[in-house]
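Enquirer: Residue numbering for the sequence shown is 0 to 233, as defined by numbering that gives the first Met the number 0.
Handing you a structure now.
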Amino acid sequence: MRRKTLSTMLSTVLLFLVAISSSEAFAHAVAEGDKGYIQEITGTHVIAFMYLGAKHMVTGYDHILFLLGVIFFLYRPKHIALYVSLFALGHSTTMLLGVYFNIGINSYIIDAIIGLSVVYKAMDNLGAFQRWFGVQPNTKLATLLFGFCHGFGLSSKIIDYDISPDGLVPNLLAFNIGVELGQLLALGAILILMGFWRRHTHFYRHAYSANVVMMSLGFMLIGYQLTGYVVAQH
Numbered sequence: 000m001r002r003k004t005l006s007t008m009l010s011t012v013l014l015f016l017v018a019i020s021s022s023e024a025f026a027h028a029v030a031e032g033d034k035g036y037i038q039e040i041t042g043t044h045v046i047a048f049m050y051l052g053a054k055h056m057v058t059g060y061d062h063i064l065f066l067l068g069v070i071f072f073l074y075r076p077k078h079i080a081l082y083v084s085l086f087a088l089g090h091s092t093t094m095l096l097g098v099y100f101n102i103g104i105n106s107y108i109i110d111a112i113i114g115l116s117v118v119y120k121a122m123d124n125l126g127a128f129q130r131w132f133g134v135q136p137n138t139k140l141a142t143l144l145f146g147f148c149h150g151f152g153l154s155s156k157i158i159d160y161d162i163s164p165d166g167l168v169p170n171l172l173a174f175n176i177g178v179e180l181g182q183l184l185a186l187g188a189i190l191i192l193m194g195f196w197r198r199h200t201h202f203y204r205h206a207y208s209a210n211v212v213m214m215s216l217g218f219m220l221i222g223y224q225l226t227g228y229v230v231a232q233h
């Protein structure tokens, strides 16, 4: 059973690495077909933008990694609801305001910060801040602040697609609702898998390895985005 669990973990990690090995996945952008649709349409399209928002969140590996880290050691529904709500409040606020007021941040920089959020949460789960620095960051505040960063990541990409001002507000609200629905779908899948995993007698032993892998992936995301930023300047 132990070997099977370890094998499953390694297979999951390998599948993830294969999935993000393409430039499109690393860029975490909207698919080309969706991008063209956003650029061409005008007027209010609530259902379409809800679908695009949900799709973007479900396929947003960096958002999902952070969400996984946030709920990794949360067991009570009220605690899960609190932290997920803080994250949702953060990314909803900056996504909506960022697009409405045309506040864009360089995609490479904001995606590197999002990678940093994954590193932070994995380190927090490992208890690294207490052991190495003798301090414990305010986890609720950090979740909210990194939620703001994730929201700017979304708004920066939407701004890049030059969305039509005709129907902007209802389309943005629909997109945000879709993002939240996508987040709930991703959260539900994570909780189901975590529920099975936590029943295993070696969960805590494997949890350490899983968070080390998560931290490593976060560093990979940071390195890739910073490299892309440097290359783009030349």
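Glycine included, each C-beta is placed from N, C-alpha and C at the ideal position.
Model, not experiment: these values are computed from the prediction.
Consult DSSP for residue 205 and reduce its assignment to one of helix, strand or coil.
Expert: Helix.
Enquirer: Where do the ends of the alpha helix (DSSP H) carrying residue 158 lie?
Expert: Counting along the chain, the alpha helix (DSSP H) containing residue 158 begins and ends at 138-159.
Enquirer: Specify the secondary structure class of residue 74 as computed by DSSP and reduced to three states.
Expert: Residue state, collapsed to three classes: coil.
Enquirer: What is the DSSP secondary structure of residue 165, counted as helix, strand or coil?
Expert: Here residue 165 sits in coil by DSSP.
Enquirer: For residue 21 and residue 157, what's the separation of their Cα atoms in angstroms?
Expert: Confidence is the limiting factor: at residue 21 the pLDDT is only 41, short of 50, which leaves the residue's position unreliable, though a coordinate-based value still follows. Rounded to the nearest angstrom, the two C-alpha atoms are 21 Å apart.
Enquirer: Just curious, the alpha helix (DSSP H) that residue 128 is in, first and last residue?
Expert: Looking at the DSSP string, the run of the alpha helix (DSSP H) that includes residue 128 is 127-132.
Enquirer: Looking at residue 153: is its Cβ nearer than 8 Å to the Cβ of residue 94?
Expert: The answer is yes: Cβ separation under 8 Å.
Enquirer: Between residue 111 and residue 221, how many whole angstroms is the CB-CB distance? I'm expecting something under 8 Å.
Expert: About 5 Å separates the two Cβ atoms, so the contact holds.
Enquirer: Quick test of your reading: residue 175 and residue 43, contact by CB under 8 Å. State the CB separation rounded to the nearest angstrom.
Expert: Not quite, the Cβ-Cβ distance comes to about 14 Å (not below 8 Å), so this is no contact.
Enquirer: So which of 123, 113 and 66 has the shortest CA-CA distance to residue 190?
Expert: Looking at the Cα atoms, 66 is the closest of the given residues.
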